[in-house]
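Asks: Numbering (this note's numbering), first residue to last: 5 to 305. Glycine is no exception: its CB is placed at the ideal position from the N, C-alpha and C atoms. Being a predicted model, the structure only gives us computed values, none of them experimental.
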Amino acid sequence: MEQYKIIFAGLANAGKTSITLTLQRQFSDLADITPTKGIDRTELDILGFRVVNWDLGGQEIFREEYKKKEAVIFAETEILFYVIDIQDTDLYEDALKYLQDIVEIYKSVDPDRLPYTTICLNKVDPDLMIDFSKQTKELSSKIANILKGLEYKIFQTSIYNLPSLIEAFSWGIAKFLPKQSELDLMLKKFLAEHANVNAVNLLEKHSMFLIQSYRDESAQLFFNLLKEGIISIIEKLGNKLTVLTLDINKIFKVFVEKMTVLQRDYYFVFMGQDLDFDLIQNSLITNYYGQIQNIVQSELQ
Ligand SMILES: Nc1nc2c(ncn2[C@@H]2O[C@H](COP(=O)(O)OP(=O)(O)OP(=O)(O)O)[C@@H](O)[C@H]2O)c(=O)[nH]1
Ligand SMILES: [Mg+2]
Numbered sequence: 005m006e007q008y009k010i011i012f013a014g015l016a017n018a019g020k021t022s023i024t025l026t027l028q029r030q031f032s033d034l035a036d037i038t039p040t041k042g043i044d045r046t047e048l049d050i051l052g053f054r055v056v057n058w059d060l061g062g063q064e065i066f067r068e069e070y071k072k073k074e075a076v077i078f079a080e081t082e083i084l085f086y087v088i089d090i091q092d093t094d095l096y097e098d099a100l101k102y103l104q105d106i107v108e109i110y111k112s113v114d115p116d117r118l119p120y121t122t123i124c125l126n127k128v129d130p131d132l133m134i135d136f137s138k139q140t141k142e143l144s145s146k147i148a149n150i151l152k153g154l155e156y157k158i159f160q161t162s163i164y165n166l167p168s169l170i171e172a173f174s175w176g177i178a179k180f181l182p183k184q185s186e187l188d189l190m191l192k193k194f195l196a197e198h199a200n201v202n203a204v205n206l207l208e209k210h211s212m213f214l215i216q217s218y219r220d221e222s223a224q225l226f227f228n229l230l231k232e233g234i235i236s237i238i239e240k241l242g243n244k245l246t247v248l249t250l251d252i253n254k255i256f257k258v259f260v261e262k263m264t265v266l267q268r269d270y271y272f273v274f275m276g277q278d279l280d281f282d283l284i285q286n287s288l289i290t291n292y293y294g295q296i297q298n299i300v301q302s303e304l305q
């Protein structure tokens with residue numbers, strides 16, 4: 005079985021361990037979280053892939069240690085998640101410097117195989133009435149300089165906004181799912197064929213991974229408001245859920261349908277105006293189900 009390595013790095017207290025616990029829904033462990041001493045490795049199963057998550061404790065004494073073993077620690081990284089505490093403005097320079105150090109390491113270890121990099125500007129909490137756009141802009145331009153030549157994307161995240169973490173994580177891991185773009189295209193085709201559908205998402209069980217497509221920006225904004233609730237309903241209902249229909253208001257509706265491939269559960273989530281559930285279900289069965297099963301299945305072989 006193929007194995008992929010993900011590195012979570014960033015200064016101490018940025019939120020790396022909290023993010024990995026939240027992504028794995030280990031909410032109860034969040035309460036007594038302590039600074040990570042050295043490296044904490046966990047194995048995840050994502051779409052049948054074995055992913056090894058390396059959570060690099062960010063205290064300075066450990067960062068010095070990593071430099072001594074940099075070839076072992078950083079070699080063959082598929083994805084780098086670099087976490088920055090956006091609330092801690094005093095530490096921006098240090099955070100950027102550490103990112104720069106890590107990029108240098110990657111360039112010296114294996115310049116032909118630089119990792120995909122997901123930057124999490126973390127602690128953008130939904131209940132904070134602070135607008136972080138100025139800080140995001142400032143950090144983004146500095147990060148762009150540091151990450152020249154690497155493929156990367158910057159996300160605003162918070163452990164109190166699960167969809168924000170799922171989105172950042174999905175972007176990263178999509179890079180080692182070769183068929184992801186085929187699924188992406190398929191969802192776009194679905195939108196093109198169904199004028200009253202405004203948003204379609206494909207979620208993996210535990211929602212570690214999702215593919216998403218939206219008709220326009222307003223559909224995406226509106227859907228994002230609902231996403232947390234929808235994910236939580238899907239997870240709470242678990243195996244009992246096969247089909248779910250929700251009326252958000254008189255106009256918008258949400259439709260969830262479960263699909264099982266190789267004993268794994270996936271959920272389609274549709275949002276739109278005056279959705280015709282039967283029509284969507286028929287269209288899925290006749291035109292999409294088989295194709296998507298083939299794609300997901302071949303991904304695992
Ligand atoms: N407000 C807020 N606090 C967060 C968030 N993420 C993490 N924290 C808090 O930040 C503190 C540090 O979190 P950790 O996950 O231990 O940080 P870390 O990056 O793993 O730190 P080291 O292990 O020392 O490198 C904890 O008190 C968390 O509760 C977030 O999104 N918002
Ligand atoms: Mg930690």
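So, Val-204 versus Leu-191, is the Cβ gap smaller than 7 Å?
Replies: Yes; because the gap between Cβ atoms is below 7 Å, this pair is in contact.
Asks: In the DSSP assignment, find the unbroken beta strand (DSSP E) run with Tyr-218 in it and report its ends.
Replies: Here the beta strand (DSSP E) through Tyr-218 covers 214-218.
Asks: In three-state DSSP terms, what is Ile-234?
Replies: Ile-234: helix per DSSP, three-state reduction.
Asks: Within the present structure, is the beta-carbon of Ile-88 separated from the nearest heavy atom of ligand 1 by less than 6 Å?
Replies: For ligand 1, not one heavy atom lies less than 6 Å from the Cβ of Ile-88.
Asks: Can you list, in chain order, the residues of its chain whose CB lies under 6 Å from that of Gln-139, leaving out five sequence neighbours each side?
Replies: So the list reads Ile-90, once near-sequence residues are dropped.
Asks: How big is the Cα-Cα spacing for Lys-20 and Pro-115?
Replies: Straight-line Cα distance between these residues: approximately 26 Å.
Asks: Quick one: grab the DSSP three-state call for Glu-261.
Replies: Strand, per DSSP.
Asks: Would you decide whether Met-133 is buried or exposed? Buried here means 16 or more other CB atoms lie within 10 Å of its CB.
Replies: So Met-133 ends up on the exposed side.
Asks: Give the range of the beta strand (DSSP E) segment to which Met-275 is assigned.
Replies: Element bounds for Met-275: 268-277.
Asks: List the DSSP bridge partners of Val-300.
Replies: DSSP, once it has assigned bridges, lists no residue as partnering Val-300.
Asks: Tell me, to the nearest whole angstrom, how far the beta carbon of Ile-235 is from that of Leu-166; I am working on the premise that it is less than 8 Å.
Replies: At roughly 6 Å, the Cβ-Cβ gap stays under 8 Å, so Ile-235 and Leu-166 are in contact.
Asks: In three-state DSSP terms, what is Val-56?
Replies: Val-56 falls in the strand class under three-state DSSP.
Asks: What residues match up with Gln-7 in a beta bridge as DSSP calls it?
Replies: Note: Gln-7 sits in a beta bridge opposite Arg-54.
Asks: According to DSSP, Leu-125 sits in a beta bridge with which residue or residues?
Replies: According to DSSP, Leu-125 bridges with Ile-88, Gln-160.
Asks: Go through its chain and collect everything with a Cβ distance to Asp-98's Cβ below 7 Å, but skip five positions before and after it.
Replies: Once the five neighbours on either side are set aside, the close Cβ partners of Asp-98 are Leu-15.
Asks: Does Leu-214 pass the burial test, meaning 16 or more other C-beta atoms within 10 Å, or should it be called exposed?
Replies: Leu-214 comes out buried.
Asks: Does DSSP put Arg-117 in a helix, in a strand, or in coil?
Replies: Coil at Arg-117, not helix or strand.
Asks: Which two residues bound the contiguous alpha helix (DSSP H) that contains Glu-197?
Replies: Looking at the DSSP string, the run of the alpha helix (DSSP H) that includes Glu-197 is 184-197.
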